[in-house]
Each structure stands twice: as C-alpha cells, then as structure tokens.
Amino acid sequence: MLVNIKDDFDLMKIAESGQCFRANREADGSFCFLAMDNKCIIRAVSESEYEVSVSEKQWKEFWEHYFDFGLDYAKVRKLADGHKDDFMIKSCEDGCGIRILNQNPWEMLISFIISQRKSIPAIKTCIEKLCRSFGKVCEGFYAFPEPEALVKADNEVLADCGLGYRLEYIKDAAAKVFYHELDLEQISELPDEELGAVLKSVKGVGDKVANCIMLFAYHRTASVPVDTWVKKIMEEDYGGENPFLKYGDAAGIMQQYAFYHKRQ
DNA sequence: CTCCAGGGTTTGC
DNA sequence: GCAAACCATGGA
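Quick note, this note's numbering runs 6 ahead of the 1-based positions in the first sequence.
This is the structure in structure tokens:
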C-alpha cells in the first residue's frame, strides 16, 4: 500500500536513533520495523510517498500511532530558534526526520534494562537472541518475548543471550509483570513523577532507564534520559547546565535531536 | 590486546 | 547525603 507522509520522516535516522532496537535497513534500501509481534517493511518511493507492507487497517490502527504522526515535528524544531540556542538549532537541523516512537511498554522495559553499559549494536544482538530463543514464531520473524516466556525461561538459555549481570533484572521485571505486581497499562494513567517512581521499583531500572521507558513507550515528552552522551553535551556545550529543561513538554524530543547530533 | 558502551546497585564514609 | 567500587559481555 502507498501512504503519503508530509511531516518530518527519515527512516535511517529513526532506525539509528537508539530508541528502537529492532529496526534495520535491508539490502534493497527498504526498512524493516518490528514491534512486539508486528512487522512493517517500508520504503520511500518519492519525496513524500512510501510503500508499506501492511494493510490500510494495520497502518491506521497500529503504525500511524507507532510513528507518532499525530505530532507536528516541524513545529517542535522551531522551538530552538525561539531560545536562540545554537547547539540545539544545529541538532534540530541535523536530526530532522527523527520522531519519538510510541512503542510497547513491556518491550521498552526489557530493552532498556539490557541497554545499560552496552553499545547500541550489542543491545540489538542481545535482543535478537532473546526473540529467537523466547519469542513466538511469526511469518518471517520472531516476536518479542511475552512476560510468561521470560518468567519460565531456563537461566542457561537466558544467559546464552548475552544478558550478563542483567539476567536477574530481566527475571525480576518479567515476574513483576507476569504476576500483575506491575501493570504496565494501568500505570499509563499516572503523572510523570509517579510513573517514574513505579518503573524504578523494578531491579535494574534507575533514573536513566525509567526516563527512556517514559519517553519511548508512554510518550512523556518532558522526560530527558541522561546518559553518557547527554552528560557530554551538558559538560562540553553548556558549561554543566541542563539545556533541555527550558523546553518543557518538548524537552525529551530536543534531547533526542541532540543525542543524534552529538553521536555523529 | 585494550577500551568502553543510551547505568544501577551496593558499599563505605 | 555523597563518591567509589563493582558488575558480565560484545563490539570496535
């Protein structure tokens, strides 16, 4: 099916933005996005036209929300001009096309627990092994594992996925979700501060990982995950100050532009 | 071989 | 309250 996309949309930048770990460029130039047990192959055919592998129903009901087409990113990028914020103006130009995806909270919880002290390629490898070992077999791919599969997972097979010391964190998270000690859907009603506190009750989830889950799963765009790259930005480009807070509800989006720019 | 990665928890002061 | 030590593994 053909879809028309007029707002910022750069598949390569989104796939490499470090917010999703199961998006890849194929040899033919198309991009494959996997989310839980959903798959979409998408390819640019002209300036604003894209060929997608899913039905109109699936596109409207799932992927439009996934790619966050409800938000005007061109408008967000203009905020940097208003603050005369040179580093952020460059970041917005450089990162133009990035969007904050609406991803599954469970997938983000597990993915970002794994992310600590790992490079992005290593995270992707680790998650792919998890899916291959514990995910449902779908047409041409493995789904992201359900909580039940990880609760019941054999520790040796889990260890072979390269989790390292994070294995007990993953087990704790899976148990809390599977036995409804943590309801990832219900907590979506909570205000930012309480949502963050609940997420941090999971072992291995600290301030940074909680903020990633809030931003990339619950679309709390005021959340700013502070990682090694953001610390570098604050130290090297803003004299120790946090340059994102002044953007309020757009802080997390500006952070994502800056993260992309700094990593280039 | 060495270094470090989208950090968090535990320990010691 | 804070800083330092420690954590297991893969990719560059």
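Each residue gets a CB set at the ideal place from its N, CA and C atoms; glycine is no exception. It should be emphasised that the depicted structure is a prediction, and the values quoted were computed from it without experimental measurement.
Given a cut-off of 8 Å on the beta-carbon distance, is the pair T227 and I259 in contact?
Taking 8 Å as the Cβ cut-off, T227 and I259 qualify as a contacting pair.
If you follow the alpha helix (DSSP H) that I11 is part of, which residue opens it and which one closes it?
Here I11 belongs to no alpha helix (DSSP H), and DSSP marks it neither H nor E.
Just curious, the alpha helix (DSSP H) that F222 is in, first and last residue?
Segment 213 to 222, the alpha helix (DSSP H) holding F222.
Nonlocal neighbours in the same chain, by C-beta distance under 8 Å from C132, ignoring five residues either side:
I120, K124, C167, G168, L169, listed in sequence order.
Nearest residue (CA-CA) to L190, options E134, E199, L205:
When each option's Cα is compared against that of L190, the closest is L205.
Should Q262 and I20 be called a contact, given that it needs their Cβ atoms to be closer than 8 Å?
Taking 8 Å as the Cβ cut-off, Q262 and I20 do not qualify as a contacting pair.
Sorted by chain position, which residues of the same chain lie with C-beta nearer than 6 Å to S207's C-beta, five sequence neighbours on each side aside?
Excluding sequence neighbours, S207 sits near nothing in its chain.
Starting from C46, trace the beta strand (DSSP E) both ways and give me its first and last residue.
Counting along the chain, C46 sits inside the beta strand (DSSP E) bounded by residues 44 to 50.
In angstroms, rounded to a whole number, what distance separates the CA positions of D178 and Y56?
The alpha-carbon of D178 is positioned some 41 Å away from that of Y56.
What does the Cβ neighbour count give for K158, buried or exposed, with the cut at 16 atoms within 10 Å?
Exposed: under 16 other Cβ atoms inside 10 Å.
Thinking C-beta only, is S59 closer than 8 Å to C46?
Their beta carbons are under 8 Å apart, which means C46 touches S59 by this criterion.
Does the distance from the C-beta atom of E113 to that of M42 stay below 8 Å?
It is a contact, given that the beta carbons lie within the stated cut-off.
Quick one: what does DSSP say L40 is sitting in, helix, strand or coil?
Annotated three-state conformation of L40 is strand, per DSSP.
Can you name, in chain order, every residue of its own chain whose Cβ lies under 8 Å from the Cβ of I95, other than the five neighbours on each side?
Taken in chain order, the residues that qualify are A86, D87.
Distance check for H186 and A172, CA to CA, integer angstroms please.
Reading off the sequence, residue 172 comes out as Arg, not Ala. The C-alpha of R172 lies about 21 Å from the C-alpha of H186.
What are the boundary residues of the alpha helix (DSSP H) that includes V58?
Counting along the chain, V58 falls outside any alpha helix (DSSP H), though it belongs to the beta strand (DSSP E) covering 55 to 58.
Specify the secondary structure class of Y266 as computed by DSSP and reduced to three states.
Helix.
Once you ignore the five residues that flank K238 on each side, which residues in its own chain have a CB closer than 7 Å to its CB?
Closer than 7 Å at Cβ, skipping near neighbours: K268.
Assuming E32 and C38 make a contact with CB atoms under 8 Å, what is their CB distance in whole Å?
With a Cβ gap of about 6 Å, E32 and C38 count as contacting.
Answer yes or no: do A128 and P153 have a C-beta to C-beta separation smaller than 8 Å?
No. Outside cutoff.
May I ask whether a heavy atom of the ligand PLP can be found less than 7 Å away from the beta carbon of R49?
No copy of the ligand PLP occurs in the structure displayed, which carries no ligand at all.
So, for P151: in the same chain, excluding its five sequence neighbours on each side, which residues have a beta-carbon less than 7 Å away from its beta-carbon?
Close CB contacts of P151 within its chain, under the 7 Å cut and outside five residues either way in sequence, are with L136, C137, F140, G141 (chain order).
Find the nearest neighbour of M7 within the set D16, W65, G35, L40, judged by alpha-carbon distance.
Here the closest residue by C-alpha is W65.
Local Cβ density within 10 Å of G212, reported as buried at 16 or more and exposed below that:
So G212 counts as exposed.
Taking buried to mean at least 16 other C-beta atoms within 10 Å of its own C-beta, is N10 buried or exposed?
The residue is exposed, with fewer than 16 neighbouring Cβ atoms inside 10 Å.
Can you check whether the CB of C218 is closer than 8 Å to the CB of P231?
Result yes, Cβ atoms of P231 and C218 sit closer than 8 Å.
Distance between E162 and S54 (C-alpha atoms, nearest Å)
It is roughly 47 Å from the alpha-carbon of S54 to the alpha-carbon of E162.
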